[in-house]
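Under my numbering, the letters of the sequence shown match residues 3 to 172, in that order. Think of the CB as a built atom: it goes at the ideal place given N, C-alpha and C, for glycine as much as any other residue. These numbers were taken from a predicted model, which means no experiment stands behind them. Have a look at the structure below before the remarks.
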Amino acid sequence: MESVGSIIMYVVIALAIVIFSILAVTTRKILRAATYLLFSLFATAAIYFQLDYEFLGAVQIAVYAGGIVVLFVFSILLTSHPGDNSEKLASKSKTIGLIGAAAMFIVAAWSLLSRCEMLVSRPEMSNPDMQKVGEALMGTAHYQYLLPFEAVSVLLLACIIGGVVIARKR
């Protein structure tokens, strides 16, 4: 049975994720939105560490909180003025956004509730060793991720080149 302290810690971290995620998408200052995204990613890493997935927590901090947010900040600084406010959304856009958010909430709730038997009896999980993680990430067999990894690296390279091209036009 889990201790009360770990449950309270989970609730605090989950609330931080929800609050910073909402702040990231509702603020009108774009650099502030990137900062709130960074806090949300750090809180997600805290969830991984609480679940004893040290490798995933470290990857979350190094890759997402470290690399991706820095890339976002560079893109923001190269393409706009960081103190600028984004334009206010028209009410038509808000309505479509709320409908989309409600639809995604319904899909997420359905997918969670349709797997309730997994919530009652969890299968035993163990931390894989680095050999298995490396083979899964860099392998080419079924359920291995070399091709998506390379596709994401090409996408990030295209984003960097696009940011430099946009910055040079100024």
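Asked, Found
"Starting from residue 23 and walking both ways along the alpha helix (DSSP H), at which residues does that stretch end?", "6–28"
"Pairs of beta-carbons, one from the stretch 59–68 and one from the stretch 30–50, closer than 8 angstroms: are there three or more?", "yes"
"Using only CA atoms, which one of 133, 71, 18 and 35 lies nearest to residue 26?", "35"
"So, residue 70 versus residue 33, is the Cβ gap smaller than 7 angstroms?", "no"
"When the Cα of residue 140 is compared with those of 130, 131 and 151, which residue comes out closest?", "151"
"Are the CB atoms of residue 81 and residue 163 nearer to each other than 7 angstroms?", "no"
"Here's a check: name, in chain order, each residue in its chain whose Cβ is nearer than 7 angstroms to the Cβ of residue 148, leaving out the five neighbours to either side.", "140, 141 and 142"
"How many Å lie between residue 67 and residue 75 at the Cα?", "11 angstroms"
"Pull up the distance between the alpha-carbon of residue 158 and that of residue 53, whole angstroms please.", "30 angstroms"
"Nearest-angstrom Cα distance between residue 55 and residue 132?", "12 angstroms"
"Excluding the five sequence neighbours on either side, which residues of its own chain have a C-beta within less than 8 angstroms of the C-beta of residue 145, listed in chain order?", "138"
"Residue 133 lies in the alpha helix (DSSP H); which residues open and close that run?", "132–140"
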